[in-house]
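Enquirer:
2 protein chains.
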Amino acid sequence: MPVNSFDNYPMSWKPERKALKRPFYESIATLLEEDIKNGYLAPGTKLPPQRELADFLDLNFTTITRAYKVCKIKGLIYAVTGKGTFVSPSAARSITISRDKMTNCIDLGLVASFEETNEIVAEAIQQVTNKHYLEQLLNYNDPTGIPHQKTAGLNWMKSLGIQTDQEHISIVSGAQNALAVSLTALFEPGNRIATDLYTYSNFIDLAKMHQIQLVPILGDEYGMLPNELDKQCTQLNIHGIFLIPSCCNPTTIMMSDVRKKEIAEVIRKHRLLLIEDDIHAFMTAGMISDYQEPMFNLLPEQSVYICSTSKSICSGLRVAYIAYGDALREKILQAIFTINVKTSSFDAEVVTELILSGKAHDIVSRKKQLAQSANDIYSEYFPEKELNGHPLSFYRWLSIKNLNDGLQMETDLKKHGIRVFHSDRFLSGSTTPNKYLRVALSSTKSLDELKTGLERLKNYLG
Amino acid sequence: MPVNSFDNYPMSWKPERKALKRPFYESIATLLEEDIKNGYLAPGTKLPPQRELADFLDLNFTTITRAYKVCKIKGLIYAVTGKGTFVSPSAARSITISRDKMTNCIDLGLVASFEETNEIVAEAIQQVTNKHYLEQLLNYNDPTGIPHQKTAGLNWMKSLGIQTDQEHISIVSGAQNALAVSLTALFEPGNRIATDLYTYSNFIDLAKMHQIQLVPILGDEYGMLPNELDKQCTQLNIHGIFLIPSCCNPTTIMMSDVRKKEIAEVIRKHRLLLIEDDIHAFMTAGMISDYQEPMFNLLPEQSVYICSTSKSICSGLRVAYIAYGDALREKILQAIFTINVKTSSFDAEVVTELILSGKAHDIVSRKKQLAQSANDIYSEYFPEKELNGHPLSFYRWLSIKNLNDGLQMETDLKKHGIRVFHSDRFLSGSTTPNKYLRVALSSTKSLDELKTGLERLKNYLG
DNA sequence: TTATTTGTTGCTCTACATTTC
DNA sequence: AGAAATGTAGAGCAACAAATA
């Protein structure tokens, strides 16, 4: 019997005692999940403390711990010791970004890659078709990539500062696939991975699917803060870290070389596995004057370096190179076989052709020009006080006043004819007071369309 | 303090009491994992009962339960209530099959798909290259496949007995990828999936990676036994079932239509999710006289139907169609975005071209002829008493006398110049007394090479 | 600073189910 | 058929850790 009657006690969530069936923890978790999904409990709502709810339901409080845990694993709620348990901002809905059908809507949401350069790729496809060894691309051989394709990949990565060999790279089906492979290979459900406070939203979803918990680490204008990372590592058992040092998606923050070294030191100290998504390397290495090298070079034995060609060369060809330390090799190969069997050799061959013929560099130059123009246009509409982040970024991070709920705002914007994503989508953990929009500059059919889109956005924000 | 001294007590595994650190269960699990991986505990070894080990270590027996559970989830051990806990047959090593470098070795291991037909595919690639819409294949649009590609897929599947629509199929990167997507989308770590006793080895590994437990179900010459499935579902909380009804890999068993209906009844009763891998449908539908339809038709709302073109059309083009019930749609789309972002449109376009031009059917005919010839050759070397399993199977299931350990036998065979896989690789659960070899007939460069390989195998077996 | 609130983790207890003898 | 052996699962207890006032 509960000691008190809680009928008049203010509790944000009161499951019906009678509705509970054994096992209790499962029953409670189901009720909670339903109430979150049907919107009865809004994102951000503080749930009753474990002991209080336990008293109310006349159960031991660890039974509530268990129930909350089930929902936490599913990403529905999050908890902070000493503070309480809360409904997640992204609770019910998915935050994964993809290109779905949009009519009469200008896309400033999904970050595409200035598809104007694809005619060069089409030419390369034609050339590959004429190769005498075309048929050799059509069997099960060389699941991690054909040697000459890997050599081209090594060449490409060399220009980005990566030195490794055939045995320590594989070709996979794009950056997203590389991340899925890395998580599958190197982490287990229940593991924790440190990330920036705002990070790649598909990675957040991927982690959720693998039941890997993300631990948000604070950062400043130079990237993640080393002492914050160190603090969290000391407190929690953290297994890995995910970084996008060249140009963080969505914040456009470029990590300074000093900061990279400091963070690498903490990573080494706590023996974390680093997943470095360097999809923007092509617009950083050799472009930014004081840029030195990827973090992979600082921690080669405990890192996975992901180099996708979706942004730099062509998004429709699903090709990414993944480089790894010797200690990680076996597990990664295993995961590649298990998830992909192999990557399309044809796509890889087209990228290879583009790299070897030098056309890949032409494409990159053209994309950089387009990025420069798009950023110039953006500055006209939204002049920033001081330039923050990567100057050639394919998207910008626009600070906004705290208006509505993020999802509501996105819906409103769609009604105004543009798709943009709210910062809530990119939150790896708890909510923050600051709100932003990520504005993609690389997804419109033309720069004129981009102008129209930005115009609409400016009007909306007033 | 333990009541007895166990120094002279026969226990198959005695972890050192002093080696234990807190938390105990984790410490015990680590020690057990090490002893299994370094080979100190051989597959099949019976571990001490929980209570006995607990007494020995002076702990509560449920702490041992926890420790065993950790290893069980990793697939290192398996347990049967009332019987005991045992080291898994596949414990330490990976059983995933892929094409790695082999010199002077005839491959009867990996099941390829008579790659002689790839010249037809090469022609189709050339035709796709000339399409005026080539550039449209190179962007992020239509992540589940371009409409006309999906229409071609629907056409193809129609000939296999599947009726569905655009909204309920997606194009993914091959069967393996489809399985990864399905597991990620529909199951969680700790879930259980029923399978045949012998099943697709990459699926076993995939399940292991996702920490999904496989529950082996006995079968006979017509496939899985309905009452066995029903029994396990009643006993355990089983969430799904994985079947390869048209021609089970590795056993070549073709499930009878009567059996399909019976099994479907049990699946419906227990609300299981069915994953139907119908990679061999093309050599069954319209070929086998009394074949009626895939199981998907019997349970459309709770099934995922996977139709890969790797075996039927071309293994290098990474394309599979996946059809699903409306209730599963959202989750599957989500998983596709999270794992792949999208499948190479180019590969899909080539397959589309092959289907629409009718060349795909030519390829299938040719492959069937080759399969027939290869099976005839096999029968010359290994005449079976009665014909079992699918007559056109790309591999055969050869019963052997219980000789060595499976891995040892594979190594010996490699020394004799052939790669063949032992039945231990395909075991989803406990060991069995019967031993087999899976002999692939579709991976040699020519039928002559196949003859040489089978000759060597026959000599080896004496 | 310290006490309080709140969440986390590991271990134990109890009830129960299945298999074997 | 019934007792013993053996594994499973839920719930409770206690020690601990972090945040906050």
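Sequences listed follow chains A and B, in order.
With positions in the first sequence counted from 1, the corresponding number in this note's numbering is that position plus 676.
With positions in the second sequence counted from 1, the corresponding number in this note's numbering is that position plus 676.
Just so it is clear, CB atoms sit at the ideal spot from N, CA and C, and this is done for glycine as well.
(1) Could you check if K807 (chain A) is buried or exposed, using at least 16 other CB atoms within 10 Å of its CB as the buried criterion?
(2) Name, please, each residue of chain A whose Cβ falls closer than 7 Å to the Cβ of S988 (chain B).
(3) Taking buried to mean at least 16 other C-beta atoms within 10 Å of its own C-beta, is K722 (chain B) buried or exposed?
(4) Where are the alpha helix (DSSP H) runs, 4 residues long or more, that stay fully inside the segment 839 to 864 of chain A, in chain order?
(5) Looking at chain B, is there any beta carbon in it that lies within less than 8 Å of the beta carbon of F1022 (chain A)?
(6) In angstroms with no decimal places, state the Cα-to-Cα distance between L752 (chain B) and T928 (chain A).
(7) I'd like to know whether the C-beta atoms of L1032 (chain A) and A828 (chain A) end up nearer to each other than 8 Å.
(8) The segment 786 to 799 of chain B: which residues have C-beta closer than 8 Å to a C-beta of chain A, in chain order?
(9) For the alpha helix (DSSP H) containing A743 (chain B), name the first residue and the last one.
(10) Which residues in the same chain as Q908 (chain A) place their Cβ atom closer than 7 Å to its Cβ, once the five residues preceding and following it in sequence are excluded?
(11) So for N680 (chain A), helix, strand or coil by DSSP?
(12) When DSSP labels each residue in this structure, what does E728 (chain A) get in the three-state scheme?
(13) Express the C-alpha separation of Y967 (chain A) and V942 (chain A) in angstroms, rounding to a whole number.
(14) Roughly how far, in whole angstroms, is the beta-carbon of N885 (chain B) from the beta-carbon of K936 (chain B), given that I think they are within contact range, below 8 Å?
(15) When you compare the CB of K1111 (chain B) with every CB in chain A, is at least one pair closer than 8 Å?
(16) Output, in chain order, the set of chain A residues within a Cβ distance shorter than 7 Å of S1033 (chain B).
(17) Shortest alpha-carbon distance to E1131 (chain B) belongs to which of B:Y1057, B:M959, B:M1085 and B:W1073?
(18) Can you name, in chain order, every residue of its own chain whose Cβ lies under 6 Å from the Cβ of A755 (chain B), other than the five neighbours on each side?
(19) Please return the same chain residues whose Cβ sits closer than 6 Å to the Cβ of A883 (chain B), not counting the five positions on each side in sequence.
(20) On the DSSP bridge assignment, give the partners of P892 (chain A) in chain order.
(21) Determine the chain A residues that contact E811 (chain B) at a beta-carbon separation under 7 Å, and present them in chain order.
(22) Would you mind reading off the limits of the alpha helix (DSSP H) that contains F1022 (chain B)?
(23) Could you please give me the residues that DSSP links to D953 (chain B) through a beta bridge?
(24) Excluding sequence positions up to five away, which residues of its chain have a Cβ less than 8 Å from the Cβ of E702 (chain A)?
(25) Please report the distance separating the alpha-carbon of Q1048 (chain B) from that of F958 (chain B).
(26) For the pair the segment 1077 to 1091 of chain B and the segment 971 to 981 of chain B, tell me if three or more CB-CB distances fall below 8 Å.
(27) Nearest chain A C-beta to P976 (chain B) closer than 8 Å, yes or no?
(28) How would you call T1139 (chain A), buried or exposed, if buried means at least 16 neighbouring beta carbons within 10 angstroms?
(29) With distances taken between CB atoms, is the gap from Y816 (chain A) to L1126 (chain B) smaller than 8 Å?
(30) Report all residues from its chain with a CB closer than 8 Å to the CB of V857 (chain B); omit the five preceding and five following residues, and keep chain order.
(31) I'd like to check one pair, A1024 (chain B) with V995 (chain B): are the Cβ atoms closer than 8 Å?
(32) Relative to the alpha-carbon of R698 (chain A), which residue among A:T1120, A:Q1045, A:D1038 and A:L733 has its alpha-carbon at the smallest distance?
(33) Hey, does I1015 (chain B) have any beta-carbon neighbour from chain A nearer than 8 Å?
(34) Nearest-angstrom Cα distance between Y874 (chain B) and L1103 (chain B)?
(35) I'd like to check one pair, C983 (chain A) with L814 (chain B): are the Cβ atoms closer than 8 Å?
(36) Tell me whether E938 (chain B) is buried or exposed, calling it buried when 16 or more other Cβ atoms sit within 10 Å of its Cβ.
Expert: Short version:
(1) exposed
(2) Simply none; closest approach about 14 Å.
(3) exposed
(4) 851 to 862
(5) yes
(6) 44 Å
(7) yes
(8) L786, A788, E791, N794, E795, V797 and A798
(9) F737 to I749
(10) A870, V891, I893 and I914
(11) Model confidence at N680 (chain A) stands at a pLDDT of 43, short of 50, so the residue's coordinates are unreliable and nothing is read from them.
(12) helix
(13) 21 Å
(14) Reading off the sequence shown, one finds Met at residue 885 (chain B), where the question assumed Asn. Wrong, their Cβ atoms sit about 29 Å apart, outside the cutoff.
(15) no
(16) The contacting residues do not exist; S1033 (chain B) stays about 16 Å from chain A at best.
(17) B:Y1057
(18) T761
(19) L890
(20) A:T871
(21) N794, E795 and A798
(22) S1021 to L1032
(23) B:I982
(24) A743 and V746
(25) 14 Å
(26) no
(27) no
(28) Not covered by the structure: residue 1139 (chain A). The range shown for chain A is 677 to 1138.
(29) no
(30) V848, I998, I1008, A1011, I1012, I1015 and N1016
(31) yes
(32) A:L733
(33) yes
(34) 5 Å
(35) no
(36) buried
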